[in-house]
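Residue numbers (the working numbering): 163 to 531. For each residue, glycine too, the CB sits at the ideal point set by N, CA and C. To start, the structure under review is shown below, and the notes come after it.
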């Protein structure tokens with residue numbers, strides 16, 4: 163795969179010259195923003211983007227990561243920044259999403275990079291590429307328990323004994339390839355199997371036989387978790403997102419997957435929206451977002467759960483998991499299971515205090531690619 167194609171892939175962290183790029187979460191977010199910017203523009207206009215400018219300079223290893231982070235923050239969503247080892251030094255690359263002349267790019271970089279690194283600054287024009295087509299072609303089906311998430315281009319290849327979820331790469335987050343999404347699907351698969359076992363023993367009712375909503379998906383993105391819950395639990399699901407584009411995309415995906423009658427998508431900032439409050443209490447909640455909003459939502463979310471409810475939290479780096487556990491424990495939710503996948507943590511919590519729901523011993527699962 164050539165270097166231009168690598169930049170168009172869905173992995174966010176670039177792999178250039180067969181060297182793995184090392185970058186912080188802030189730099190990775192800038193790469194995701196650039197991909198989103200390009201995908202959204204190309205879907206709207208239907209055209210192949212014009213050639214873009216790539217700026218490259220080398221610096222000392224100790225400065226490379228800090229400079230990459232600072233550039234990602236200062237230059238905003240119209241750029242992607244990556245850093246990788248290049249001999250004894252490190253190379254920092256900045257790709258601009260839109261056409262920009264080298265003089266303007268130099269002026270933008272100078273205040274951040276400094277005089278010494280600017281002397282090594284080189285520019286390269288990246289050949290125009292249909293990034294939408296390239297990204298879709300590079301997305302392989304993702305298996306997670308009984309689920310398989312795929313694009314339309316792989317529809318004919320999906321085994322009939324799997325729960326297929328068709329999701330196209332789009333502006334919203336969640337194609338199943340990220341560790342947080344896959345871990346949530348694995349958690350759902352296990353929870354559904356446990357419910358099925360209880361039903362066989364006569365201790366649980368199928369969610370679809372109740373008028374209540376079977377699950378709430380907070381920060382739904384593409385709607386992949388809401389769709390998975392609707393298909394696996396055979397019940398109604400309420401999905402929310404703060405981004406109107408995500409709500410629209412999630413609704414389109416629900417229709418594409420034949421569950422539009424069971425999945426309701428609403429735009430909501432937090433959990434105070436009327437549709438969310440009216441459908442409570444929830445036996446199952448997904449929240450695949452970030453640590454800070456997860457902590458902020460802990461109290462409101464706990465109040466929306468039913469006795470014995472389970473809450474699946476994700477979007478957490480492995481080192482952030484204990485902070486989330488502590489916050490939710492103070493609101494009556496105890497950790498049942500922790501899944502570590504690709505450096506990300508997914509937590510399965512249970513509302514305790516209900517006589518039917520005894521606190522369970524925590525189990526930890528670490529998975530690799």
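- Where residue 459 is concerned, the enclosing alpha helix (DSSP H) starts and stops at 453-465.
- DSSP places residue 450 in the strand class (E or B) of the three-state scheme.
- Taking a C-beta distance under 8 Å as the contact criterion, residue 425 and residue 401 qualify as a contact pair.
- The Cβ-Cβ distance between residue 416 and residue 385 falls below 8 Å.
- Sorting 320, 427 and 271 by C-alpha distance to the C-alpha of residue 410 places 427 at the top.
- Distance from the CA of residue 269 to the CA of residue 451, rounded to the nearest whole angstrom, comes to 35 Å.
- Judged by DSSP in its simplified three-state form, residue 351 adopts helix.
- Residue 285 sits close to residue 216, with the two beta carbons spaced by under 8 Å.
- Secondary structure note for residue 396: it is in no alpha helix (DSSP H), with a DSSP letter that is neither H nor E.
- For residue 317, the closest of 329, 454 and 276 by C-alpha to C-alpha distance is 329.
- In the three-state reduction of the DSSP assignment, residue 284 falls in the strand class, which pools E and B.
- Distance from the CA atom of residue 229 to the CA atom of residue 254, rounded to whole angstroms, is 8 Å.
- In this structure, the beta-carbon distance from residue 390 to residue 327 falls below 8 Å.
- Rounded to the nearest angstrom, the gap between the Cα atoms of residue 273 and residue 249 is 26 Å.
- The Cβ neighbour count for residue 467, taken over all protein chains shown within 10 Å, is at least 16; the residue is labelled buried.
- Counting along the chain, no beta strand (DSSP E) covers residue 316, and no H or E run does either.
- Residue 495 and residue 351 have their C-alpha atoms some 20 Å from each other.
- Residue 329 carries a coil assignment under DSSP once its states are collapsed to helix, strand and coil.
- In the structure shown, residue 222 falls within a coil segment according to DSSP collapsed to helix, strand and coil.
- Distance between residue 449 and residue 281, taken at the CA atoms: about 46 Å.
- Around the C-beta of residue 277, fewer than 16 other C-beta atoms lie within 10 Å, and the residue is accordingly described as exposed.
- Inclusion of residue 304 and residue 214 in the CB contact set at 8 Å is not warranted, their separation being larger than that value.
- Around the beta carbon of residue 406, a 10 Å sphere encloses fewer than 16 other beta carbons of the protein chains shown; the residue is thus reported as exposed.
- Shortest Cα-Cα distance from residue 382 to any of 396, 483, 513 and 432 involves 432.
- Under the three-state reduction of DSSP output, residue 426 falls in the strand class.
- A Cβ-Cβ separation of about 12 Å leaves residue 502 out of contact with residue 349 under the 8 Å criterion.
- Straight-line measurement puts the Cα of residue 221 at about 46 Å from the Cα of residue 414.
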